[in-house]
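Student: Residue numbers (the numbering used here): 31 to 103. Just so you know, even glycine gets a beta-carbon here, dropped at the ideal spot from N, CA and C. Predicted model, so just to flag it, every value in this text is computed and none were measured. Quick one: the structure is below, and I'll ask about it shortly.
Pasting the structure below:
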């Protein structure tokens with residue numbers, strides 16, 4: 031699975047954080063969630079953290095789900 035890329039974030043004056051992916055808004059965090067995000071993004075791999083917080087990453091079971099009987103049509 032390729033590493034996540036193309037994410038950026040902007041901290042606004044009202045203490046909200048806007049996460050974008052390839053120029054499009056992916057998520058807006060406010061209050062305590064924004065504070066937790068900023069602490070986590072500074073301590074780890076920023077691209078991976080932003081992908082996880084927006085839900086825009088693959089969990090690795092897509093191939094298994096594709097072959098499940100209910101998805102075979």
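Going by DSSP, what residue range makes up the beta strand (DSSP E) through residue 73?
Tutor: Segment 61-73 is the alpha helix (DSSP H) holding residue 73; no beta strand (DSSP E) there.
Student: Taking DSSP's pairing of strands, which residues face residue 55 in a bridge?
Tutor: According to DSSP, which records beta bridges pairwise, residue 55 is partnered with 50.
Student: Would you check if the distance between the CB atom of residue 80 and the CB atom of residue 51 is smaller than 9 angstroms?
Tutor: Yes, these two residues count as a Cβ contact at 9 angstroms.
Student: Given the structure, does residue 57 come close to the ligand NAD, in the sense that its CB is under 8 angstroms from one of the ligand's heavy atoms?
Tutor: Looking for the ligand NAD in the displayed structure turns up nothing, as the structure carries no ligands at all.
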